[in-house]
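First up is the structure itself, then whatever we jot down about it.
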Amino acid sequence: MRRILSENGWVIGLAAMLALLLIFTKMIQPQFGLSGLDSLSRAVLPFAFATAAMAVVVIAGGIDLSVASMMAVTSVTAALLMQGAGDVAAAGVVVFVLLLGLAMGALNGALIVVTRVPDIVVTLSMLFVWEGVALLVLNAPGGAAAGWLKAMIVGGVTIPGVPDGMTAWLPRSTLFMALVIGAIWLPIRRSRLGLSIYAIGSDANAAFRSGVPVARTRIAAYAICGLLSACGGLSLTFSTGIGEPIPGPYLLASVAGVVLGGVVLGGGRGGLLGPIIAVVILRLVRLDLTLLAVDPNVTTIIEGTIMVVVVMLGGLLAAKGRH
Amino acid sequence: MRDLAQPTPIKRLVRFLGDNPMIPLIVLLLGLIGLLEVLRPGIVNERWIANTIKFAIPLAMLAACQTLTMLTGGIDLSAGVVATIAAFVMATQVPHLGVPLAIAVSLVPALLIGLLNGVGIAFFRVHPLIMTLGTGLVGTGILQVYQRSVIASGSVVPEVLGWLGSGRTWGVPNALVLFVPFAVVLIIGQRRTGFGRLLYALGANPGAARLSGVRAWQVYIALYVLSALIAGITGLLYVGLIKAPSLSLVNPLMLPSVAAAVIGGTSIFGGRGGYGGTILGALILTVLGTMLTLLQMPEGVRRILFGAIILAVTAIYIRLTESN
Amino acid sequence: MAKQDSPAPILDASGVSKTFGAVIALRDASLRIDAGEIVALMGANGAGKSTFVKILTGALRPDSGHVRIRGRDTNVASPSQARKSGLVPVYQEPSLIPDLDVADNLTLGSTPKEPFRHWVSELGIADLRLDAKIGQLPLATLRILDLARALATEPDVLLLDEMTAALPTNLVERVLRVVRQQATSGRAVIYISHRFSEIAELCDRASVLRDGVTVGDLPIGPAVEDQIVELMLGAKLAPNRKREVVAADVAAPGSMPRLKVRGLGDGAKLGNVSFDLHPGEVLGVVGLEGQGQDELFDILAGFRPAKAGSFEIDGRPATFRDPADAIAAGVTLVPGDRANALFMDRSVQENIAVPLLARLRHWGPIPMRAQTRRVNDAIERLQIETRAQGEVRRLSGGNQQKVTIARWIAKGVQTLLLFDPTRGIDVRTKRQIYALVRDLADQGAAVLFYTSELNEVRLACDRAVVIFGGRVVDVIDAAEADDQTLMRAAYGLTEDADESVPA
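Residue numbers (our numbering), protein chains in the order written: chain A, 1 to 323; chain B, 324 to 647; chain C, 648 to 1150.
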């Protein structure tokens, strides 16, 4: 028990902080209830996927600056293809877009491995490239999303045969996020691939000597990052009903979420749960500031400052870890 | 050493071009201009050249921020936001403070952001890319708040900046009055001042710089403050060219400024390159921009192209240095 | 394929050569080990031992020659393939993933768990939890786990690199016993160690490399140490050239030392080092690889803080937080790896001038004429053969090394720390560097000169301190410092050292 506590102390601390913030929110806004929770959860969705995507590559010892741009590409692609498409076709679109994300991520990884240009430079270039691709697909917000897909992330959970009161407190979007990320990450996490991802981030040389195929693992990590980015892009399209070609503010938020979530920049440590809770906290802080009637632009500044400070502390921790 | 013995003609050519990186850039620039003339005969005339220079100057100045920071292996992604802030603050303060004071005041937030960048990079060891991205975001937020407080008083672009940014005298852009001394100071300064040399040293080998007694934090802070100052001045010049201050004024120059420095032969890993190449890079990109507009290429293609150029040039650079 | 009559050796490597650019690391290395044998692989610094090990383990491909295990050519392109072919190395740096737990590391390396547990307890670690994070285990435990992991895969050949370094005595005994058992049960073991006592106790033979060639293969017997030392040094000792200037009188007790080091330590590698370095003196430092010399030089040059002990410069206690502090106190370092000291893409001029520009007050316009004169004087004094405008990367190794020294000549030398300054450079340049060092000392500089080439003690130094296991084990006058004396001391074979060898 003590071991579990000490190893997951950071995540437990974050969860406690999240609970406190929720209570605080309820205190300053007594009407905050199911619908508030629902809209918060929906707003968090793209951030959570972006953070999860970033976390995977950071665990593998890299970074991907093109996460937000890949989300834009997948979002507009989905919105464009779903326009006028039937419900069944929409499902096909979802599959296609997920594969597209996987391929984009794999391309990022392959470029890093093949060109031997550092990840930060490659993904900066790809940030621009994917941005351009998104604009080519759709040069202004537009497209559509299938109704049943929107319904997946709106409202509370209802299970036939179970009274709504028992399940409705849980926003569908939260369940959606948990199921999707769980379905992608949990099988990988305990597999050889998952161990290899941690291994190359922790000590690439020791990993190589232990027989880990370092290059292939790196590409796989970026591919997973692309897949999760695609989930983020889809969630954007589902919740807004359109595709938006200009990347949202997900890059810095995801880096801040990763750092605050206990994933060390430099790799090898942490998981996905911490970063996701962290990014929820960051969104909740924003919500609370709004509820406290703080000017929304000041809120942006405060949020940005928090993120910059978090990233700075992360830099300091990573530098300490290197010594 | 080994490679002194019998270099092949190709190797010799590569080395010659490596020693004189300006030559391929000039050839490329002339080639693009020639191509433009073929695409649209008669387009290349005195007026076009003056216009191209006029638009290349703000880009070249913003690219100076990238060049200087890239010499140390960094980058300044907040430069565009800083330039916008300076321009916007200046234009909105002119009605209150008058032109000279408004210009002075407008550079204060720029310098503060530069200082913050320097501190984060020097003491907290945040990667410059992440740090400047973050401060840029915060800067944008602050600018939005600021905008609401001055929304009533309106904005004025002083005549002097209009003259400087977009005016011409005997067909020659007035901006050269600012730019020529600026470029001369930078080009001479990068080789003939202690600070300039330390930028190269720090980028070429931070460990060796430390061994030589360089305190990197001093250089980083001075560098990022200087970069922000240049960005601020660029913003003032650019608003004189565009004449309409907005919250995203200089943002379109951000990506090209990085590309201009990279094309100009400055290594994104530090220690190589210089401002001379960057100026050519800015001219090349401006001409390329004209060409893309002429071919009615959408904005998306432009971004893809610039991103691909940065990656390709960097990858080629790595190959070249490895073969040495 | 006909079956061979005589039992084939388990490992048979012969005619192995490898060059890196112009540097020949291995000319003709060979190693033959039969079942049940433990063979010590020996060689002085730079003999090619580590290259040979890399080739045996598949981290490098040989240019020529072959490596066969049980008669099959090993076609090793990666460590995982070498493992499959039957040779399993245990490196000095444990190759376990620090952020994963033990069980995950086993999964990653496809190590069977039960045999692993068996070996761990056999090796004397009773209470290992498989869910313990590697990063939180002590280094000694990690080395044992690494060994247990290797044993669990039942390799044909086991390669142990300094296996007992960093182990406490009780674990050392266990390890030696297990290794011997491995041999008895028909496996082959390659044993690399600096500790003669262990080699004498454990090994059957010693194979000695010198200058990339396997020069001898001796059975271990009484007084084999001297034979091995002789083989490592070569039969012909370098001519003992007497220097004319003997600066020992300058170092007479009573005069104020420039650098006074007392009980310096960094916790792990560097134990307890004390010595005095006087103005006008060249003090050699001799030690096998990894005996604490890197840490010693790093601390003195301001690259890392000392964890124990202290040092004084001209009688004033010194604490350096940064190399800049050391330089301000006149202590300047020429590091072992030139690549760490040079701005390869920049010109010779610029390289030499950087220390002159480092401080804030020199950031402004460079007084070009004065600086060029200073730099050119240094270039001339060191006879650097170059157009001064050319990039440093285009210079020969010798000239590059001269640039790293010229930098401090231009700045002005008070206390110069030279870390193996002649490694990998030509004889003529070496001579020039010895002469220069002597010249500097005659002008009042104090020079600390670590060398991996023993004869340099006679050629360049006044005295030498020998360090072993992070301690000074001997101080030898240059006049008496013949290679054998130094080598024996460096291996901790001097009598008083035997007692102080750390476990």
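No residue lacks a Cβ here, since even glycine has one placed at the ideal position from N, Cα and C.
query, result
"CA-to-CA distance, C/A1126 to C/I1056, given in whole angstroms", "28 Å"
"A/L284 vs A/L20 beta-carbon contact at 8 Å", "no"
"Whole runs of the beta strand (DSSP E) within the segment 748-804 of chain C, excluding any shorter than 3 residues", "none"
"Under 8 Å (Cβ pairs) to chain C, residues found in the segment 518-538 of chain B", "F518, R520, L521, Y523, A524, A527, N528, G530, A531, A532, R533, L534, S535, G536, V537 and R538"
"Residue environment, C/D720, which counts as buried when at least 16 other CB atoms sit within 10 Å", "exposed"
"Within 9 Å of chain A by C-beta, residues of the segment 738-753 of chain C in sequence order", "Y738, E740, P741, S742, L743, I744, P745, D746, L747, D751 and N752"
"Reference A/I306, options B/R533, B/M454 and B/G594, closest by Cα", "B/M454"
"Within 7 Å of chain B by C-beta, residues of the segment 283-305 of chain A in sequence order", "D295, N297, V298, T300, I301, G304 and T305"
"Selection of the segment 501-518 of chain B by Cβ proximity to chain C, strictly under 7 Å", "R515, T516, G517 and F518"
"Beta-ladder partner(s) of C/A853, from DSSP", "C/A687 and C/L865"
"Buried or exposed (CB count within 10 angstroms, at least 16 for buried), A/N205", "exposed"
"Minimum C-alpha distance to B/V417 - residue among B/Y640, B/L634 and B/L559", "B/L559"
"Test: B/R448 CB closer than 8 Å to a CB of chain C", "no"
"Range covered by the beta strand (DSSP E) that runs through C/P736", "L734 to V737"
"Exposure label - A/G13; buried when at least 16 CB within 10 Å", "exposed"
"Beta-carbon proximity list for A/G248, same chain, < 8 Å, skipping 5 on both sides", "P46, A68, M71, A72 and L236"
"Own chain, CB closer than 6 Å to B/G526, minus 5 neighbours either side, in chain order", "L394, T395, G396, G593 and G594"
"Proximal residues to B/G490 (C-beta, below 6 Å), its chain only, five neighbours per side dropped", "N497"
"Within 8 Å, strictly: CB atoms of C/A1005 and C/V1022", "no"
"Nearest to B/I356 (by Cα), restricted to the options B/V367, B/K377 and B/T463", "B/V367"
"Validate contact between the segment 559-578 of chain B and the segment 1008-1023 of chain C using beta carbons, cut 8 Å, 3 pairs", "no"
"Short CB-CB distance (under 8 Å) between A/S125 and chain B", "yes"
"Coarse secondary structure for C/N692, derived from DSSP in three states", "coil"
"Own chain, CB closer than 7 Å to A/G271, minus 5 neighbours either side, in chain order", "none"
"Residues within the segment 581-599 of chain B neighbouring chain C, beta-carbon criterion of under 7 Å", "G594 and R595"
"is_contact[A/V310, chain C] using C-beta, thresh 8 Å", "no"
"Beta bridge counterpart(s) of C/T1184 as assigned by DSSP", "Given that chain C is displayed from residue 648 to residue 1150, the structure contains no residue 1184 of chain C and the question cannot be resolved."
"Residues near C/R909 in its chain [Cβ-Cβ closer than 6 Å; skip 5 each side]", "S921, G956 and S957"
"Continuous alpha helix (DSSP H) stretch holding B/H419: start and end", "A402 to L420"
"Three-state secondary structure assigned by DSSP to C/A1035", "Because the pLDDT of C/A1035 is 49, which lies under 50, any placement of that residue in the model is unreliable, and the number read from its coordinates should be weighed accordingly. Here C/A1035 sits in coil by DSSP."
"CB contact below 8 Å: C/V1001 versus chain B", "yes"
"Residue-chain proximity (A/V113, chain B), Cβ-Cβ < 8 Å", "no"
"Chain C contacts made by the segment 172-205 of chain A, where a contact means CB separation under 8 Å", "R192, L195, S196, Y198, A199, G201, S202, D203 and N205"
"Cβ-based contacts, 9 Å cut-off: residues of the segment 614-638 of chain B near chain A", "P621, E622, G623, V624, R625, R626, I627, L628, F629, G630, A631, I632, I633, L634, A635, T637 and A638"
"Range covered by the alpha helix (DSSP H) that runs through A/V97", "D87 to T115"
"Rounded straight-line distance, which links the Cα of B/T458 to that of B/N440", "7 Å"
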